[in-house]
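Under my numbering, the first residue of the sequence shown is numbered 3, with each subsequent residue one higher. Positions of the beta carbon are idealized from the N, C-alpha and C atoms, including for glycine. To keep things clear, I will list the structure first and then write my remarks on it.
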Amino acid sequence: MCLLLPLQGVGGAAFAQQYATILYRQSELPHAVPVAEIDSVVVRDVAEVDATYFEAPKDTVYVAQVRESHWKGKKVAFLGDSITQNGEYVTAYANLTGCEALNYGISATHLAARNNDDSNAFDKRYNKMPTESKVDMVIVFGGTNDFGHTSTAAFGEFSDGPKVGKYTFYAGLHRLFKGLQNRYKNIPVVIMLPIHHGTEIDVPEYIIGSNSSITEGTNPTTGKTFREYVDAIREVAAYYSFIVLDAYSYSNLSPMTEIGSGTSGFFKDGLHLNAAGGKRLARWMYPQLEAVYEMFYDF
Numbered sequence: 003m004c005l006l007l008p009l010q011g012v013g014g015a016a017f018a019q020q021y022a023t024i025l026y027r028q029s030e031l032p033h034a035v036p037v038a039e040i041d042s043v044v045v046r047d048v049a050e051v052d053a054t055y056f057e058a059p060k061d062t063v064y065v066a067q068v069r070e071s072h073w074k075g076k077k078v079a080f081l082g083d084s085i086t087q088n089g090e091y092v093t094a095y096a097n098l099t100g101c102e103a104l105n106y107g108i109s110a111t112h113l114a115a116r117n118n119d120d121s122n123a124f125d126k127r128y129n130k131m132p133t134e135s136k137v138d139m140v141i142v143f144g145g146t147n148d149f150g151h152t153s154t155a156a157f158g159e160f161s162d163g164p165k166v167g168k169y170t171f172y173a174g175l176h177r178l179f180k181g182l183q184n185r186y187k188n189i190p191v192v193i194m195l196p197i198h199h200g201t202e203i204d205v206p207e208y209i210i211g212s213n214s215s216i217t218e219g220t221n222p223t224t225g226k227t228f229r230e231y232v233d234a235i236r237e238v239a240a241y242y243s244f245i246v247l248d249a250y251s252y253s254n255l256s257p258m259t260e261i262g263s264g265t266s267g268f269f270k271d272g273l274h275l276n277a278a279g280g281k282r283l284a285r286w287m288y289p290q291l292e293a294v295y296e297m298f299y300d301f
């Protein structure tokens, strides 16, 4: 069955007129459910439903407004480590939005250079990405290796600033963010906090005891927890007033939930995303980055 239903003034609902272009049978749906943010409803196998909705034919009809991404046809550059290089979330986001994804992920790289020869660190290579006139948004997604590798920069403190030749985590963040701010004055730069590091690769984020106790792991070089690394990224990003997506807290991606389950729902190895994990992260990013577009561009 395929219908085209205008929803203006139907039943007891004060819907604006929207035309349905995606309709199909969906037997698992409940009788009538409002569809979030799109002035439409879902109805199922009933002649009448609550007065808030409208009379429906005795069949399942999904009525939805087509929503095209603002980023369709736009160029989005992703600066990252192996989670970006592997491409799971990058490809999923490009498929969702229709954007042209430019992948600048390099495996095992850090946000902050450990020394002058650490040329692949983010704060050393951000200027190899396209200039402002050739890209529409930049997304920075890193930090897991700064914590996870034993060979890492000293942690430092916020007051280190962007001083050249000072190789601390804080100084590297300052150099990276100040450099991005100067390079991309008129387009959005989005800092995405790293997802949980987990317990199975490199330095463990958490240590699970035999009695199920949970202790935060620390990097042996800096003595800092992963949470402290994440907080430092957030702190320096706030200083430069960058948009921050908190994937650490709110992406619903945590490798700890898969330990001992015998499944790999979203992770390949306890750290790197699989295809399902990439899709989950991309879908979480989608609405937030639509709002970012509306901050910077006419629509």
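Spatial distance of residue 51 from residue 69 (CA atoms): Caution is warranted here: a pLDDT of 40 is assigned to residue 51, below 50, making its placement in the model unreliable, and no coordinate value can be reported.
First and last residue of the uninterrupted beta strand (DSSP E) at residue 82: 77 to 82
Close beta carbons around residue 138, own chain, < 7 Å, minus the five adjacent residues each side: 76, 77, 78, 189
For residue 185, the nearest candidate out of 233, 258, 135 (CA to CA): 135
Under 8 Å between C-beta atoms of residue 290 and residue 255: no
Three-pair Cβ contact test at 8 Å for the stretch 87 to 97 versus the stretch 277 to 292: yes
Span separating the alpha-carbon of residue 277 from that of residue 90: 5 Å
Segments assigned beta strand (DSSP E), at least 3 residues, entirely inside the stretch 229 to 259: 245 to 247
Alpha carbon of residue 271 to alpha carbon of residue 241, nearest angstrom: 34 Å
Rounded separation between residue 301 and residue 72 - CA only: 8 Å
Close Cβ partners of residue 238 (< 8 Å) along its chain, the five nearest in sequence each way excluded: 160, 172, 175, 176, 179
Backbone CA spacing between residue 298 and residue 292 [nearest angstrom]: 10 Å
For residue 143: DSSP bridge partner residues: 82, 194
For residue 113, the three-state DSSP class (helix, strand or coil): coil
Separation of residue 275 from residue 74, as counted between CA atoms: 24 Å
Closest by C-alpha distance to residue 347, when choosing among 151, 155, 192, 145: One cannot answer for residue 347 here, as it falls past the ends of the chain, which runs 3 to 301.
Residue burial classification, residue 119 (beta-carbon count within 10 angstroms, cutoff 16): exposed
Nearest neighbour of residue 192, chosen from 141, 149, 233 [CA to CA]: 141
Residue 166 versus 125, 151, 133, residue with shortest Cα-Cα distance: 125
Contact under 8 Å by Cβ, residue 202 with residue 273: yes
First through last residue of the alpha helix (DSSP H) which encompasses residue 123: That residue, residue 123, is in no alpha helix (DSSP H); it is neither H nor E in DSSP.
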